[in-house]
């Protein structure tokens with residue numbers, strides 16, 4: 014029997030672009046798009062800090078429980094938007 018491996022990634026979306034640049038950054042566990050230079054750099058720093066904290070705990074993003082993820086994101090001062098359950102999932 015083959016076990017399924019869960020996959021997870023952080024997605025950062027910057028909405029305050031103030032120039033003609035379209036910024037995209039991919040890294041371990043994260044994908045970032047958009048934003049002004051300042052916003053994009055802030056998202057990068059937060060994702061790197063998140064990964065450092067994850068490494069120090071010896072965990073993978075996929076292995077975090079929801080509460081643990083939220084706590085870690087809060088430590089990194091990330092804004093988290095929780096998904097809204099679909100009607101058929103209630």
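Numbering (the working numbering), first residue to last: 14 to 103.
Glycine is no exception: its CB is placed at the ideal position from the N, C-alpha and C atoms.
| Asked | Found |
| --- | --- |
| Compute the distance between the beta-carbons of residue 38 and residue 45, then report whether it is under 7 Å. | yes |
| Residue 74 by DSSP, collapsed to three states: which one? | helix |
| Residues in the same chain with beta-carbon distance under 7 Å from residue 62, minus the five sequence neighbours each way, listed in chain order, please. | 89 |
| Sort 54, 48 and 43 by Cα distance to residue 108 and report the nearest one. | Nothing can be reported for residue 108, as the shown portion of the chain is limited to 14 through 103. |
| For residue 72, is the classification buried or exposed, using 16 other Cβ atoms within 10 angstroms of its Cβ as the cut-off for buried? | exposed |
| Taking the beta carbon of residue 79 as the centre, do at least 16 other beta carbons fall within 10 Å, making it buried, or is it exposed? | exposed |
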